[in-house]
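The structure appears below as structure tokens.
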Amino acid sequence: MTDEKPRKTLSITRKPASSTVQAENDSNAPTGIKRTGKRIITREQLPNVQKPGIPKKPPKKPNKPTQGKHPRQPPKPKKTPPSELRARELNDLLNGFAVWLQRQPLALGIEKQVFRHIADHHLAEPS
1 MTDEKPRKTL
11 SITRKPASST
21 VQAENDSNAP
31 TGIKRTGKRI
41 ITREQLPNVQ
51 KPGIPKKPPK
61 KPNKPTQGKH
71 PRQPPKPKKT
81 PPSELRAREL
91 NDLLNGFAVW
101 LQRQPLALGI
111 EKQVFRHIAD
121 HHLAEPS
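Residue numbers (UniProt numbering): 1 to 127.
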């Protein structure tokens, strides 16, 4: 490994341009303009763009005759649920029962009378 030769340094040199090509470039290039590599836009080079003006209002549509419109229907009455109807019916029937009105539901044998009254009037059946 000590037998390695030292490496040469590489250098890049520019070749001189031929005089004929340089003469052609000089004749074609306009004088007095230096390019900096950045694009410069002046107002004269911009296309003619009109500034946005006030937008026009759309034309009003002619009013339609109201003959074709139907009057608004009144809202439908709310339906009471069947469970509430049955509860009211049972309440009314029990209020007609004398023992229930006297508020003696804890009296002896009242349960049999209440259930018999409900069965006689068919209140337990779904309507």
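Note that the Cβ used here is the ideal one computed from N, Cα and C, for glycine as well.
8 Å CB neighbourhood of K57 in its chain, flanking five on each side removed
No residues qualify anywhere along the chain.
Tell me, please, whether the segment 110–117 touches the segment 78–90 by the rule of three or more beta-carbon pairs shorter than 8 Å.
These segments do not touch.
If I'm right that L93 touches H121 with Cβ under 8 Å, what's the distance once you round it to whole angstroms?
Confirmed, Cβ separation roughly 6 Å.
Express the C-alpha separation of P59 and K69 in angstroms, rounding to a whole number.
Distance between the alpha carbons of K69 and P59 is about 24 Å.
Express the C-alpha separation of R72 and K78 in angstroms, rounding to a whole number.
Cα atoms of K78 and R72: separation of roughly 18 Å, rounded to the nearest angstrom.
Grab the span of the alpha helix (DSSP H) containing T101 for me, first residue to last.
Per the sequence shown, the amino acid found at residue 101 is Leu instead of Thr. Where L101 is concerned, the enclosing alpha helix (DSSP H) stretches over 98–101.
In angstroms with no decimal places, state the Cα-to-Cα distance between G109 and P82.
G109 and P82: Cα-Cα distance of roughly 31 Å.
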